[in-house]
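Below: one structure, written as structure tokens.
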Amino acid sequence: MNAIIKQAGTMRRIPLVVIGALAGVLGAQAEFLQQVRPAPLTPTEEASVSDRSGKLSQLPLKFTPYDTQRAQIPFRREILTDRQVYFADDPVGQVLIYCLTPLSGNPAAGKVRFELKTDGKTVERQEVTVDHKFSALLPIEKLPVGAYEMTGEFEVGGNVWTLRPAQFSKIAERRNTRPIPEGGIPLVLQAAPEKGRQISPIITGIPIPRHQAQSPEEFTLLENGKPVDAQFTQRATWYPGQQVKWLGLSFLARYQDGRPAEYRVIRKNTPLPPSTLKIAETDKEIVVSTGEITFEIGKAPFTGIRSVKLAGQDKPLVQGEGGPFLIDEREMVFQSALDEAAEVRIEEQGSVRVTVLATGWLTNPRNERLCRYEIRFTAWAGQPWIDVHQRTVLTFNTDEKKLARLGFLVPVVDAQKWAAGLDASTKSGEIPALPSLDPKKKPPANSAPVTTKWIIQPRPDQVAVEGISGPAIPANRADGWVTVSGSLGTTQVSVRNLWQLFPKEIAWSPNALVIYQWPEHGRVSFTEEEELSADHLHQIRYAHQGKYLDLKFPQKYFDAMRKVYPPIIENQDINALSGNGMGMAITTDFRLQFAQTIPEVDAAAANQMFAANLHGISDPVWNGLSEVEGRFAGKQKGVTDSWDDFWAQAFHGFTSSVDYLGDYGMWIWPDVHNNWSPTTLRPQAHRWWLNSHYQNPWDYNFMYFRSGDFRNKDWANNASQHFMDVGTVNYSDESRTLLGKLPGANYHVKGFTPWGSAREGEVVGDDYVEVAAHFINPDANLFRYLLFGDRSGLNLARNWFKSLGLVTLPTERSREACTTLGEVLSFYENTWEPQAIAYIHELADAMLSRPFSEVPAFPAHPFFHDRWVMRYWNLTGDVRIQQPVLDVLKVGNTLNYTHFELAALAWRWTGDAEYLKMFLPKAAPTFGKIYRNPGDPLDGFGERVFKPTHSQTQIVPYYLQALIDAGLKYPETELKPPSIAKATVLPKLDKMTNLGPSTSLLKVDGSGPLSLKVEATYDARTWEKRGTVGNVEVFDARNQLAGSASVLAGARSNSAVIDLDPARFPAPWTLVVRGAVRIGWNGGAQTVTLEPAAGGDTEQEADDAASD
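Per my numbering, the very first residue in the sequence shown carries number 2; after that it's consecutive.
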């Protein structure tokens, strides 16, 4: 058998089976299985070996997460390798070995004897003593090139059981790599919003190609060519425990008038002066000194930040018990201080920053627990601030319980004055004194903080400063900052995305500063008409207002849905009523800054810097060629310009619904809709929201990673956080599980609310919340960790993977299986969790068990996860995948759903450039699909670019890089649509006609100028779903553009006029229509006729609705 393997633009056929005589190839003392470690059984495996029924699962099968009773394979005796083909420079491979057998009492395997064979001859032997399941590493680098078989047997209960063997090969080919340039890896930093000298923390991830580094200690950061202090960590490796793949980088970036200094990462260890950052830890507390401030965080009990002192001062600005707390509907107070099992530890520590992680339960005096918290406190060397990342996970049944308040208390000392930003201006005043206490009454041991002044943002367009005395100060939007000051100094808080994530509140008094995730002074802020109107109903305003955080779906919303969105055919209304918010999270990012004084102008500037959430990444071309996410074309001036321009404009249109519809609020911002129409200002009644249906949260991170466009960064950061909080299940009550709600599962958004899903016991006709399905995207959470350093993303990805052990893997050999496989592959290659090897084998065997053409909804569903084939090949080298893919491509460009990435793979396998060329007619940026009107809020709106299907940016960059490697260029200009079939008279303005995608000649009977009027149109299908885009171009006899128009139903440009002057643009004219328009003419002509355009292009319009 031959594998078709090609690297770095060259192609060779490498024999997979190269037989050589071997004897003791690893040496007398070496063991061919190293680092042997027990692997725990998954819950389904535990159940399978203890059940003697012999059944695989009960029928009829429920959707995958609900079938938690049996494992797919009840008894398992086999050896599984992580790759079928190892390259010459692969240092190790990993194996997973099962010794599960149906014996009474489920005894452990005991002794297991292995043999490594080649050409039928045993070259190595080893015996190990293990349990039921274990993993080990294979030292591939020490094996000669050849084909191998690993066999084994184990003895237990007086019986000897044979393991199913594993076959693998080592080939002479080496993997792609890219040396780190001597001048280093350049970083691209976001510009600062403020002038003057500024400093901003940067936490990012740098991809490192294979074979370039073994440790993060090998690197240095250069600032304007000189070494500066930076903190490097290892986030992922290329092999288990070996070779840096993702390098974590933290540093303080310096700006002058908005422009960053020049930064590069070089491969050189450079000693630097000692850091000003000092950390002291005991069993009771953690004390951090940055050089500007010193603060304490207690461990037992955990009460938040219990002390802050300015450098050189003895008296604290902050002192006392604070931290996270909540009040439920019974007015019961829950605090972190009462949780005896709280954990406070240093999560990351270095010369530049330290992060302290606190996790636990909010608990009341009756030892009732309600909501988990996960809070990270990050301090930076030489800086006077603490960045706080607070996540609160809802652990209660939201049909049965409510919250009255949810916040974080900072116990400030003797604050006397306040200042705050509203609508980019500053308001200030005296802090009202606390109400007098009755000396005869003893205050309760645990009580909520008392505040006397507050900023409340009850809706996105209304904010006010209120208090126990004095008039309210109204405005539209809070800037997000407040300062409180006294004789000991000033404390500033800045809250990111405060008004977008309404309702929010910041409250204060002489001894308290409170950042609320759910406000104390909440109120009903929308009228019933504003709630239930057709264009606002989807914004679920009931969940964003009132005194209580109450997520139970109101009956009036259910009734209104049925009036606004008839008919509802997929249970979305029932799922909205049944949906439960247990497991969702609320995240708040805020910064606490301390100084003797903070002038108002400095406070506003500091808030702007924090709100910008500045970031930086390595050069996008470097990112693509590092191959950490496969080999793709990063943004490169002069090479990918037209595609980059197109994606930037189309992405604006894709995300325009948020601002255009006013889709703000803590439970919906900034998600978009699977489909929506500017004409009706409402989403389609199918999937109201998008969540992760097309793995788009991963794509948001990827778009930024390949482009370096910081507009993409802002969206990726905010949207992926929303996906983690609302689109992902963060918690499951093991004593009272809800249907499908396993940690790490994702919602299908078929429930009107983003978390809509069925109740236990309801008859379901689809899958609504899953850990293994076509709409999952845990890889997005993992990517967020790799790129932005958010460890919550890594934890959620691990929770998802753990939950896979509670379910049967998808039995449908289609998009359910391939999407799960694609996500598992990425998880394995970035964590090297051995259990993933079993899942990869099972899912790949299922997907390769029949031709892709036999899969339902071919060709869309076998490749619903755009990267599964590429990831599977890159990891395993399994040649079984090649021929099925090549068979698909024989259909060529007649496929309705075009997968560019498959063409790139086919070329890399075969070296045949025809696979690339056959896709060239579709390889030009499809500007004709989008509405083009810069300055219009809907500029870039279109379909089939980012929605309602897989994004072009998930697949086209891999094809573009293959073109570059093959020395080919993509067409810069779209092909013209097919010619009209027969001549037709074009009517005047009073009788306009509809035209679809077409090319025709304009034949004018008469002379003088001609005006074409173009109007947006729609059909019955698109009117309800989305606005219809129409683009018209007219070319003269020289093939020069004589005029153009872009229109969209519901946008500013519903119509446009193209004036044609034959003196400037000689006839005959060619009319090109993309999309759909109504068109008519005016002028001195007698008649205007559309005639077939001879010799025109034959562009095919793609319709990939089957992928929805």
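In this text, a Cβ means the ideal position worked out from N, Cα and C, and glycines have one as well.
From a predicted model like this one, the values you see are computed outputs, not experimental measurements.
- Item | Run of the beta strand (DSSP E) containing W455, from where it starts to where it stops | Counting along the chain, the beta strand (DSSP E) containing W455 begins and ends at K454 to R460.
- Message: Using only the alpha-carbon positions, how far apart do P684 and M562 sit?
- Response: Taking the straight line joining both Cα atoms gives about 12 angstroms.
- If you check the beta carbons only, do I838 and L81 fall under 8 angstroms apart? Yes, the pair counts as a contact, with Cβ atoms nearer than the cut-off.
- What are the start and end residues of the alpha helix (DSSP H) that includes T178? In the DSSP assignment, T178 falls outside any alpha helix (DSSP H), carrying neither H nor E.
- DSSP state of R707, grouped into three classes? Here DSSP, grouped into helix, strand and coil, assigns R707 to helix.
- Query: In angstroms, rounded to a whole number, what distance separates the CA positions of D551 and K402?
  - Reply: The straight-line gap from Cα to Cα measures roughly 7 angstroms.
- Query: How about Y149 and Q127: do their beta carbons lie closer than 8 angstroms?
  - Reply: Not in contact: Y149 and Q127 (Cβ atoms no closer than 8 angstroms).
- Counted within 10 angstroms of its Cβ, other Cβ atoms place R14 as buried (16 or more) or exposed: No answer about R14 holds up, because its pLDDT of 32 lies below 50 and its placement is not dependable.
- Task: Helix, strand or coil for P1093, going by three-state DSSP, please let me know.
- Result: Of the three classes helix, strand and coil, the one that applies to P1093 here is strand, per DSSP.
- Task: Return the residue from the list L435, R688 and L395 that minimises the CA-CA distance to E569.
- Result: The amino acid at residue 569 is misidentified as Glu; the sequence shows Ile. Of all alpha-carbon atoms in L435, R688 and L395, the one lying nearest the alpha-carbon of I569 is that of R688.
- Message: Given this structure, state the Cα-to-Cα distance separating H723 from D230, to the nearest angstrom.
- Response: If you take the alpha carbons of H723 and D230, they lie about 33 angstroms apart.
- Own chain partners of P1093 with C-beta closer than 8 angstroms, once the 5 adjacent residues on each side are dropped: Take P1093, set aside five residues on each side of it, and the residues of its chain with a beta-carbon closer than 8 angstroms to its own are S980, I981, A982, K983, A984, S1001 and L1002, in chain order.
- Message: If contacts are defined as beta-carbon pairs under 8 angstroms, then K143 and L42 qualify, I think. What distance do you get, rounded to the angstrom?
- Response: Distance from K143 to L42 at the Cβ level is roughly 31 angstroms; contact not present, criterion being Cβ atoms closer than 8 angstroms.
- Query: What are the boundary residues of the beta strand (DSSP E) that includes Q556?
  - Reply: In the DSSP assignment, Q556 falls outside any beta strand (DSSP E) and within the unbroken alpha helix (DSSP H) covering Q556 to V565.
- How many Å lie between R307 and P325 at the Cα? Going from the Cα of R307 to the Cα of P325 covers about 12 angstroms.
- Query: What did DSSP end up calling R151 once you bin it into helix, strand or coil?
  - Reply: One detail in the question is off: residue 151 reads as Met in this sequence, not Arg. Of the three classes helix, strand and coil, the one that applies to M151 here is strand, per DSSP.
- Opposing strand residues paired with K161 [DSSP bridges]: A small fix is needed here, since residue 161 is Val in this sequence, not Lys. V161 pairs with E156.
- Message: Looking only at its chain, what residues have a beta carbon closer than 6 angstroms to the beta carbon of S251, apart from the 5 residues adjacent to it on each side?
- Response: Excluding residues within five positions, the ones whose Cβ falls inside 6 angstroms are I204, Q232, V353 and R354.
- Under the three-state reduction of DSSP, which class applies to T895: helix, strand or coil? Bear in mind that the predicted position of T895 carries a pLDDT of just 48, short of 50, making it unreliable; the figure below should be weighed with that in mind. DSSP places T895 in helix when its eight states are reduced to three.
- Message: For T65, count the other beta carbons within 10 Å of its own beta carbon; 16 or more makes it buried, fewer makes it exposed. Which is it?
- Response: Because T65 sits at a pLDDT of 41, beneath the cut-off of 50, its placement in the model cannot be relied upon, and the point is left open.
- Message: Please give me, in chain order, every unbroken run of the beta strand (DSSP E) with length at least 3 that falls completely inside the stretch 173-239.
- Response: List check, beta strand (DSSP E) in window: 186-190, 198-208, 221-224 and 227-229.
- Is D424 buried or exposed, if buried means 16 or more other CB atoms sit within 10 Å of its CB? Counting of Cβ neighbours within 10 angstroms places D424 among the exposed residues, the total staying below 16.
- Message: I'd like to know whether the C-beta atoms of A416 and W500 end up nearer to each other than 8 angstroms.
- Response: Cβ distance not < 8 angstroms, so A416 and W500 don't count as in contact.
- Assuming P208 contacts W247 (C-beta within less than 8 angstroms), just tell me the rounded distance between them. Contact between P208 and W247 holds: their C-beta atoms lie close to 6 angstroms from each other, under 8 angstroms.
- Task: Would you decide whether A237 is buried or exposed? Buried here means 16 or more other CB atoms lie within 10 Å of its CB.
- Result: A residue is called buried once 16 or more other Cβ atoms fall within 10 Å of its Cβ, and A237 is buried on that count.
- Message: Quick check on DSSP: helix, strand or coil for N1032?
- Response: N1032 falls in the strand class under three-state DSSP.
- Pick out whichever of W1082, P140, L395 and A359 has its Cα sitting closest to the Cα of R370. The candidate whose alpha carbon is nearest that of R370 is L395.
- Query: So what's Q350 in DSSP terms, helix, strand or just coil?
  - Reply: The three-state reading of DSSP puts Q350 in strand, counting E and B together.
- Task: Taking 8 angstroms as the cut-off, decide whether the C-beta atoms of W716 and L502 are in contact.
- Result: Result no, Cβ atoms of W716 and L502 do not sit closer than 8 angstroms.
- Query: Just checking my contact of P261 with L190 at CB under 8 angstroms: how many whole Å lie between their CB atoms?
  - Reply: That pair is a contact at about 4 angstroms.
- Item | N- and C-terminal bounds of the beta strand (DSSP E) containing L253 | It spans Q243 to Q257 - the beta strand (DSSP E) in which L253 sits, taken as one unbroken run.
- In or out: N1117 buried (at least 16 other Cβ within 10 Å) or exposed? What is shown of the chain runs 2 to 1109, which leaves residue 1117 out entirely.
- Within the chosen definition, does the stretch 286-295 reach the stretch 371-391 through at least 3 CB pairs nearer than 8 angstroms? With the cut-off at 8 angstroms, the stretch 286-295 and the stretch 371-391 touch.
- Taking one C-beta from the stretch 474-482 and one from the stretch 406-415 each time, how about it: are there three or more such pairs within less than 8 angstroms? Using a Cβ-Cβ distance cut-off of 8 angstroms, the stretch 474-482 and the stretch 406-415 are not in contact, since fewer than three pairs of beta carbons, one from each stretch, lie closer than that value.
- Task: Assign I841 to one of three DSSP states: helix, strand, or coil.
- Result: In the structure shown, I841 sits in a helix (DSSP, three-state: H, G or I).
- Task: Could you check what DSSP says for W833 in three-state terms: helix, strand or coil?
- Result: Under the three-state reduction of DSSP, W833 is assigned to coil, being neither helix nor strand.
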